[in-house]
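Participant: Sharing a structure here in structure tokens format.
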Amino acid sequence: MLWVLLLLPAWVVAGVACTRLCLAAVRAAAEETRDPVVDRHHDLTLYEAAFLSGGPARVADVTLVAMARERRLLLAHTGWATVVDPCGRDEMERSVIGAIGPEGQSRIA
């Protein structure tokens with residue numbers, strides 16, 4: 534019989550906690566629908582997505598592949614990269630070209 538006396542307050546506490554959680558969820562949903570002008574959706578750039586999925590090394594790989602697809606960088610199966618167009622279109626490409634060096638060819642693997 535003693536367990537009933539302990540179970541009733543536990544039910545009350547659980548009920549109050551669930552009610553407060555539901556009210557907080559309703560308030561948050563109402564807040565999101567109230568302000569439709571603010572665009573909270575941010576599309577990730579290719580470099581941001583690469584960084585989140587693999588860190589700085591993945592960003593470098595994505596930059597190399599993107600430049601190779603545009604035929605501005607040649608990637609050999611032997612592990613060498615050759616710069617065809619030394620003008621980078623953004624900061625990442627300029628840093629990759631700078632890392633390859635002034636000769637325009639470097640071992641990357």
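Residue numbers (the numbering used here): 534 to 642. From the three backbone atoms N, C-alpha and C, an ideal C-beta is built for every residue, glycine too.
What does the Cβ neighbour count give for Thr611, buried or exposed, with the cut at 16 atoms within 10 Å?
Facilitator: Indexing the sequence shown from 1 puts residue 611 at position 78. Result: exposed.
Participant: For a quick check, are the C-beta atoms of Ile633 and Ala609 less than 7 Å apart?
Facilitator: Stepping through the sequence shown from its first residue, residue 633 is reached at position 100. Stepping through the sequence shown from its first residue, residue 609 is reached at position 76. No, the Cβ-Cβ distance between Ile633 and Ala609 is not below 7 Å.
Participant: Just checking my contact of Arg605 with Val617 at CB under 8 Å: how many whole Å lie between their CB atoms?
Facilitator: As a first step, residue 605 is located in the sequence shown; it is residue number 72 there, counting from the start. As a first step, residue 617 is located in the sequence shown; it is residue number 84 there, counting from the start. About 5 Å; that satisfies the 8 Å criterion.
Participant: Which first and last residues belong to the alpha helix (DSSP H) in which Thr615 is found?
Facilitator: Within the sequence shown, the letter at position 82 stands for residue 615. Looking at the DSSP string, Thr615 is not in any alpha helix (DSSP H); the run it does join, the beta strand (DSSP E), is Trp613 to Val616.
Participant: For the beta strand (DSSP E) containing Leu606, name the first residue and the last one.
Facilitator: Along the sequence shown, read from residue 1 onward, the residue named residue 606 stands at position 73. Start and end: Leu606 to Leu608.
Participant: What does the Cβ neighbour count give for Ala599, buried or exposed, with the cut at 16 atoms within 10 Å?
Facilitator: Looking up residue 599 in the sequence shown gives position 66. So Ala599 counts as buried.
Participant: Do you know how far the Cα of Val549 is from the Cα of Gly588?
Facilitator: Locating residue 588 in the sequence shown gives position 55, where the first residue counts as 1. Locating residue 549 in the sequence shown gives position 16, where the first residue counts as 1. Using only the alpha carbons, I get a separation of about 44 Å.
Participant: Measuring alpha carbon to alpha carbon, tell me which residue in Met625, Cys555, Ala543 and Glu564 is nearest Val592.
Facilitator: Translated into positions along the sequence shown, residue 592 becomes position 59. Of the listed residues, the one whose Cα sits closest to Val592 is Met625.
Participant: Taking DSSP's pairing of strands, which residues face Ser639 in a bridge?
Facilitator: The count along the sequence shown starts at 1 and reaches residue 639 at position 106. In DSSP, Ser639 forms a bridge with Ala614.
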